[in-house]
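Notes for the one structure printed next.
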Amino acid sequence: MGNGGAPFVSFRDLEAWQEAMALTVRVYALSERFPSSERFGLCSQLRRAAVSIPSNLVEGHARGATRDFIRFIGMARGSLAEVQTQVEIAGRLGYIDLTDESSVMAGCDKLGRILRGLRKSLERNLAQR
């Protein structure tokens, strides 16, 4: 497997994983500000969705099969969509301000583009076999 055609040894070499980790840390920092009444509600759900993104990338990469990796990228993209929805909900509820919401959404958009590119690259590599 490769990252844009270049071989990689570790999942840590994946730009997608690096961006997903940065997004997860950002989500944790933002969700610290949520009301304590949301600790087991939106806060917990948002954090789980964020953690799921890099976790799915790692699991897909670890399986060593391109088709599995592509499938897990799809799951990571689903979790990313959850994060986007939950961040928007947090914004509408006034738990985060518009600047922070916009910043996280921009990070989500960037990660989404990276995930699409990684998936397309893996699909091309698979088709060439």
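Position one of the sequence shown corresponds to residue 1054 (the numbering used here), numbered consecutively onward. The C-beta atom is built at its ideal place from N, Cα and C for all residues, glycine as well.
Kindly indicate which three-state DSSP category residue i falls into: helix, strand or coil?
i: Gly1165; result: helix
i: Arg1182; result: coil
i: Asn1056; result: Low local confidence applies: a pLDDT of 43 at Asn1056 is under 50, so the model's placement there is unreliable, with the coordinate-based value given in what follows. Residue state, collapsed to three classes: strand.
i: Arg1124; result: helix
i: Tyr1081; result: helix
i: Gly1147; result: coil
i: Gly1160; result: helix
i: Ser1097; result: helix
i: Leu1067; result: coil
Tell me whether residue i, by its Cβ, gets closer than 7 Å to a heavy atom of the ligand SAH.
i: Ser1108; result: Looking for the ligand SAH in the displayed structure turns up nothing, as the structure carries no ligands at all.
Contact the segment 1148-1165 vs the segment 1118-1128: 3+ CB pairs below 8 Å: no
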